[in-house]
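This report concerns only the one structure given below.
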Amino acid sequence: MATTAESMEREQKLEGIGCSRKRKEDPRFIQGKGNYVDDVNLAGTLFASVVRSPHAHARIKSINKAKALALPGVHAVLTADDLKPLKLHWMPTLAGDVQAVLADEKVCFQYQEVAVVIADNRYIAADGVDLVEVEYEPLPALVDPHKAMDADAPIIREDLVGKDEAGQGKRLHNNHIFRWEVGDKAGTDKVFAGAEVTVKQAMLNPRVHPCPLETCGCVASFDKVRGDLTVYITSQAPHVVRTVVSILSGLPESKIRVISPDIGGGFGNKVGVYPGYVTAIVASIVLGRPVKWIESRIENLSTTAFARDYHMVGELAADKNGRIKALRVNVLADHGAFNSHAQPTKWPAGLFSVCTGSYDIPVAYVKVDGVYTNKAPGGVAYRCSFRVTEAVHLIERMIDILAQKLDIDKAEIRFRNFIKPEQFPYHTALDWEYDSGNYPAALKKVMEAVDYAGLRKEQEEKRKKGELMGIGICTFTEIVGAGPSKACDILGVGMFDSCEIRVHPTGSAIARMGTQSTGQAHETTYAQIIATELGLPSEVIQVEEGDTSTAPYGLGTYGSRSTPVGGAATANAARKIRDKARKIAAHLLEVSPDDLDWEIDRFKVKGVPGQEKTMKEIAWAAYNNVPAGMEMGLEAVEYYDPPNFTYPFGAYICVLDIDRHTGESKVRRFYALDDCGTRINPMIIEGQIHGGLTEAYAVAMGQLIAFDANGNLLSNSLMDYFVPTAVETPKWETDFTVTPSPHHPLGAKGVAESPHVGGIPCFTNAVNDAFSHLGVTQIEMPHTSFNVWKTIHELGLDKQV
Amino acid sequence: MAKKHISFTLNGAAVETLVEPRELLIHVLREELRQTGSHIGCETSHCGACTVDLNGKSVKSCTVLAVQADGGEVLTVEGLAQNGQLHPLQEGFMQEHGLQCGFCTPGMLMRSYRFLQENPKPTDDEVRMGMSGNLCRCTGYMNIVKAVQYAAKKIQTPGGK
Chain P
1 MATTAESMER
11 EQKLEGIGCS
21 RKRKEDPRFI
31 QGKGNYVDDV
41 NLAGTLFASV
51 VRSPHAHARI
61 KSINKAKALA
71 LPGVHAVLTA
81 DDLKPLKLHW
91 MPTLAGDVQA
101 VLADEKVCFQ
111 YQEVAVVIAD
121 NRYIAADGVD
131 LVEVEYEPLP
141 ALVDPHKAMD
151 ADAPIIREDL
161 VGKDEAGQGK
171 RLHNNHIFRW
181 EVGDKAGTDK
191 VFAGAEVTVK
201 QAMLNPRVHP
211 CPLETCGCVA
221 SFDKVRGDLT
231 VYITSQAPHV
241 VRTVVSILSG
251 LPESKIRVIS
261 PDIGGGFGNK
271 VGVYPGYVTA
281 IVASIVLGRP
291 VKWIESRIEN
301 LSTTAFARDY
311 HMVGELAADK
321 NGRIKALRVN
331 VLADHGAFNS
341 HAQPTKWPAG
351 LFSVCTGSYD
361 IPVAYVKVDG
371 VYTNKAPGGV
381 AYRCSFRVTE
391 AVHLIERMID
401 ILAQKLDIDK
411 AEIRFRNFIK
421 PEQFPYHTAL
431 DWEYDSGNYP
441 AALKKVMEAV
451 DYAGLRKEQE
461 EKRKKGELMG
471 IGICTFTEIV
481 GAGPSKACDI
491 LGVGMFDSCE
501 IRVHPTGSAI
511 ARMGTQSTGQ
521 AHETTYAQII
531 ATELGLPSEV
541 IQVEEGDTST
551 APYGLGTYGS
561 RSTPVGGAAT
571 ANAARKIRDK
581 ARKIAAHLLE
591 VSPDDLDWEI
601 DRFKVKGVPG
611 QEKTMKEIAW
621 AAYNNVPAGM
631 EMGLEAVEYY
641 DPPNFTYPFG
651 AYICVLDIDR
661 HTGESKVRRF
671 YALDDCGTRI
681 NPMIIEGQIH
691 GGLTEAYAVA
701 MGQLIAFDAN
711 GNLLSNSLMD
721 YFVPTAVETP
731 KWETDFTVTP
741 SPHHPLGAKG
751 VAESPHVGGI
761 PCFTNAVNDA
771 FSHLGVTQIE
781 MPHTSFNVWK
791 TIHELGLDKQ
801 V
Chain F
1 MAKKHISFTL
11 NGAAVETLVE
21 PRELLIHVLR
31 EELRQTGSHI
41 GCETSHCGAC
51 TVDLNGKSVK
61 SCTVLAVQAD
71 GGEVLTVEGL
81 AQNGQLHPLQ
91 EGFMQEHGLQ
101 CGFCTPGMLM
111 RSYRFLQENP
121 KPTDDEVRMG
131 MSGNLCRCTG
141 YMNIVKAVQY
151 AAKKIQTPGG
161 K
């Protein structure tokens, strides 16, 4: 009989769930052997480069391609007129709107795609772009979303004039896209009318961009003889891309192969379908040659997928003790010129209604209006689930503002309002069912770790000396793992995910998933899940994703959905295999399947030491000796439709010091406790948290996609758009608690976006806290030194000796 | 455009090719010589994904003309491992989880390769400063610093590299 030490050793050798095993992806990446889209080198590849609009809003009077076409090495110049006969000059967006693939008679944002030059190489293509002559008649640009619904506002979308609907409900104005309301308006208004205390605050989640280090691109290759199309693409959701390409091109999905190879970061930037992809595909079909399109950094920051731009007004009603009675929120959402945000179809404001946060709020009402402006389209979930960063930002700022009004400590007010551990599963006022959580324990642990009381005392003393020190708290609840197909779909496809596992005769295995890693190390973590479930070493479990010809259909990776949905599919597929393995083991051992116990990597006959079959032995038998009537082989497929979302949470504290002469903020300490339920690979989780916090730091402290009054983009290079280096980036302290999800097969909840979602309000709360004793209630992000200095200067703090 | 013949040493081997005078080193490395380890992240010298070693200095090969490498010595990530043995930096990045998507990694490795020769026993802050021309969007840099320190220690150890 196995000793405990012996079985523990066997378990460790599997390197399964809970093991910080090194990543399987690393050997190729550290030796320059990754295979990213721009590395794909098909014989005879042509290069596509895009002619873009210099104006934010203008009519196109003429396009003259002659000089470009005369340039040796240029094969084609495509405009909207060329795409019209194919009905490809417009494409559907994931949000029910349409977007111009190439500008059709007018341009609606600066850098909009106007024409595409296809040439022998990228240099000639760029020369060709310079030779395309476009004559524009500039129109007044609409930049400020607050003016979008003015009576005299310029009409951005002439194609929608007369249509009272743009895919997401009734429109109230030519520049209006949708109005989305949720909650109990009358009930909320009533509570506000009779409330002891109310607070109201306008705040902005500014326009930012996910800016992964690899830009977007694709290589499209149409084989005219076979009639099939292969597309290598930087996509977080290759199966969805295949469906979209099929709908657009009329080719059956079986003739289209979409491959996401290694992807150099996504963060939401690589979910959508962009005009560059479509034009490369069209060019390849027309020319019968592979066509590569790789956007430059400037194109990336200018056109493919901004995030946020939520202009929010939050209101809380409470009693004198700070106990919240109601929440009311009004949002103006700037969606740019086309509504192409990537949300589940039925959710025009994504999952924003999770904005009641970690607090027990009896009644709430939210209204979101989406409008068009002369800016690039997008509204993607930048390292978050759909609009969850905005939601968490709102409630975490509002609770601080309430605390300030009532002069209650910012930690104390959270304890007074937390949903209590015994209230789970908890049904929120806006109709979400939180699966599990223990918020007070998390915050308490963090406060002890940083000596919160000591920090407040220090802050008080510093304030006496005129020094600025901020302590930010954020106790967020996230909603991830989209999602139950009854609630979530993309273009009508439910947001399930999938896994297919084949165990080979000698006890190694291959698994394929419908998700797509962009750096999260799926090859490692999924293998760990299978290792634990099947008792095979993770080392010999090969994980593949991203090739629609081999992987089962899945909705891809974003919104921290891989572990909650793909991970559940993986566990369940492995369990199907284990069920079959049990029957084979019973057959080999000549006992009933019920007489067997599963132990780490084998089935054992109950009460009969030594009578056992390892999974490796069973795998061999699956291919030569199975019970009568059983199919040979050892494989399974699972399409997992989650019963609910998962709700990871965390408690963060940020301590920063602000120089009252320069406005410079120095993050002294950032302590992040995350609860993502069961932890599969703690090393990878910690890495994800470091990365998410760094992106949160970037957003809170410096990132802004800015425009001038004419719609000219002011921040589309890495000179102007803040991406922190190792020098600015703070050092992170991480911690965790484990509250498993009751409905997930492994109890796991997902983690990668939590630090981004929770980190941003924590930083902004810290900066605001530094000024809260001076009566300041809201300083907007990004908290650059200059912006902070402006507050200091207005308050005259820089003049004090 | 008339092409120019250039020859240089790439990862210890002599190479020659014809290039346009305007062609950038990164494009010649990746497209002519098919060494795709070095990446293009910005084409404006900010991100460092294209960092290679040219004549004993770190350069961002997106803003070096290929003709400037004529007669020179270029080392890229593909040349870092020797005789099937990973360089201590490669080992460090793997051991300390210094990478996620891997896109910045070749540039990080090549910059730290040169940095550790400039400063063999750096403090953590010196590593951060020395690597500040290389952006990473995934890791938050803490594990990159650890990876470089792992290599620094290993290189200092007798029998290291």
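Residue numbers (our numbering), protein chains in the order written: chain P, 1 to 801; chain F, 1 to 161.
Ideal Cβ placement from N, Cα and C applies to all residues, glycine included.
All values derive from a computational prediction rather than experimental measurement.
Host beta strand (DSSP E) of residue i (start-end)
i	result
P:W789	Here P:W789 belongs to no beta strand (DSSP E); instead the alpha helix (DSSP H) covers 785-794.
P:Q99	98-100
P:N175	Looking at the DSSP string, P:N175 is not in any beta strand (DSSP E), and its letter there is neither H nor E.
P:I17	From DSSP, P:I17 is part of no beta strand (DSSP E); its letter is neither H nor E.
P:Y365	363-371
P:L673	665-675
P:Q201	197-205
P:H499	For clarity, residue 499 of chain P is Cys in the given sequence; the question names His instead. Residues 497-503.
P:M469	468-477
P:D228	228-233
Proximal chain F residues relative to residue i, where beta-carbon distance stays under 8 Å
i	result
P:K731	M142
P:S221	Ordered by position in chain F, no residue passes the 8 Å Cβ test against P:S221, which lies about 17 Å from the chain.
Under the three-state DSSP convention, the category residue i falls into
i	result
P:T304	coil
P:A95	coil
P:H55	coil
F:G79	helix
P:T345	coil
P:T550	coil
P:H335	coil
P:W732	coil
P:W620	helix
P:G268	coil
P:R157	coil
P:T4	helix
N- and C-terminal bounds of the alpha helix (DSSP H) containing residue i
i	result
P:L83	80-83
F:H5	Run containing F:H5: none in the alpha helix (DSSP H); it sits in the beta strand (DSSP E), 4-10.
P:V450	439-450
P:Q236	Per DSSP, P:Q236 belongs to no alpha helix (DSSP H) and is neither H nor E.
Which listed residue (the options) has its alpha carbon closest to that of residue i
i	options	result
P:A125	P:G187, P:F47, P:V101, P:A698	P:F47
P:A411	P:D657, P:G266, P:C762	P:C762
P:C803	P:A342, P:I256, P:E539	Residue 803 of chain P cannot be examined here, being either before or after the span of chain P that is shown, 1 to 801.
P:W432	P:E458, P:L351, P:Q800, P:T230	P:L351
P:G663	P:A651, P:N572, P:A487, P:W789	P:W789
P:T570	P:T548, P:K65, P:T515	P:T515
P:L172	P:D369, P:V51, P:A307, P:G44	P:D369
P:D547	P:P238, P:E196, P:N121, P:P212	P:P238
Listed by chain order, chain P residues near residue i by CB distance under 9 Å
i	result
F:F93	D26, F29, I30
F:C50	Correct list: empty, because the minimum Cβ distance to chain P is about 11 Å.
Neighbour list for residue i in chain P, Cβ cutoff strictly below 8 Å
i	result
F:A152	Result: empty, since nearest Cβ-Cβ is about 15 Å, beyond 8 Å.
F:Q90	I30, Q31
F:A13	The premise fails here: F:A13 is roughly 15 Å from chain P at the closest Cβ pair, so nothing lies under 8 Å.
F:A81	Q31
7 Å Cβ cut-off: residues of chain F touching residue i
i	result
P:D39	T36
P:L693	G140
P:M683	H97
P:D130	Within chain F, no residue comes near P:D130; the closest Cβ sits about 13 Å away, beyond 7 Å.
P:G265	C101, F103, R137, C138
Neighbour list for residue i in chain P, Cβ cutoff strictly below 7 Å
i	result
F:C47	L213, L718
F:C42	R297, L718
Check: the segment 283-313 of chain P: which residues have C-beta closer than 7 Å to a C-beta of chain F, in chain order?
Finding: S296, R297
Notebook entry, point to check: Between the segment 644-665 of chain P and chain F, which residues of the former have a C-beta closer than 7 Å to a C-beta of the latter?
Noted result: For the segment 644-665 of chain P, the set of residues with a beta-carbon nearer than 7 Å to any beta-carbon of chain F is empty.
Item checked: Residues of the segment 724-750 of chain P whose Cβ lies closer than 7 Å to any Cβ of chain F, in chain order -> T725, A726, V727, T729, K731, W732
Next item on the list: Please list the residues of the segment 98-124 of chain F that have a C-beta atom closer than 8 Å to any C-beta atom in chain P, keeping them in chain order.
Entry: L99, Q100, C101, G102, F103, C104, T105, P106, L109
Next item on the list: Please list the residues of the segment 110-125 of chain P that have a C-beta atom closer than 9 Å to any C-beta atom in chain F, keeping them in chain order.
Entry: Flagged, chain order: N121, R122, Y123.
Checklist line | Contacting positions in the segment 499-519 of chain P - beta carbon closer than 7 Å to chain F | finding: T518, G519
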